[in-house]
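In the working numbering, the protein residues as written are 45 to 172.
A virtual CB, placed ideally from N, CA and C, is assigned to each residue, including glycine.
Since the model is a prediction, treat every value here as computed from it, not as a measurement.
Contents: one structure, followed by commentary.
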Ligand SMILES: [Zn+2]
């Protein structure tokens, strides 16, 4: 991506992450709103998948399909669509209740309170 294109993506939400709304820091990511799928193949020598450099949805490589994202949102969104990402975040509370003793204690002693708040992304709040 060109420096100019990257600046256009950065400016889309005034230097904020399209998802959580934090100020973008050095090393911010360009997210594909509609994911692209990068092909990968198993590298037997290294014992892990390696990207081949080919992309299965090249039509999604457009400026309109790019969102500025902080690295943690982009890594968590992975190759999810917006709705899949939203559902993924919704499941975090269930996982915490199932697996985190510290979370369950924090909740039991009133340090954490659960709400039915809907997961709303920053770009949805600023555009409504
Ligand atoms: Zn973020």
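Simplified DSSP state of residue i, which is helix, strand or coil
{"i": "residue 150", "result": "helix"}
{"i": "residue 99", "result": "strand"}
{"i": "residue 84", "result": "strand"}
{"i": "residue 70", "result": "coil"}
{"i": "residue 60", "result": "strand"}
{"i": "residue 122", "result": "coil"}
{"i": "residue 55", "result": "helix"}
{"i": "residue 93", "result": "strand"}
Residue i and residue j closer than 7 Å at C-beta
{"i": "residue 166", "j": "residue 59", "result": "no"}
{"i": "residue 63", "j": "residue 117", "result": "yes"}
{"i": "residue 147", "j": "residue 140", "result": "yes"}
{"i": "residue 73", "j": "residue 123", "result": "no"}
C-alpha gap between residue i and residue j, whole angstroms
{"i": "residue 71", "j": "residue 142", "result": "34 Å"}
{"i": "residue 159", "j": "residue 83", "result": "39 Å"}
{"i": "residue 57", "j": "residue 76", "result": "15 Å"}
{"i": "residue 106", "j": "residue 53", "result": "11 Å"}
{"i": "residue 111", "j": "residue 86", "result": "30 Å"}
{"i": "residue 161", "j": "residue 48", "result": "37 Å"}
{"i": "residue 157", "j": "residue 131", "result": "20 Å"}
{"i": "residue 127", "j": "residue 79", "result": "12 Å"}
{"i": "residue 129", "j": "residue 120", "result": "8 Å"}
{"i": "residue 135", "j": "residue 164", "result": "14 Å"}
{"i": "residue 55", "j": "residue 101", "result": "25 Å"}
{"i": "residue 89", "j": "residue 97", "result": "18 Å"}
beta-carbon residue i near ligand 2 non-hydrogen atom, thresh 6 Å
{"i": "residue 57", "result": "In terms of ligand content, the structure shown lacks ligand 2 and carries ligand 1 instead."}
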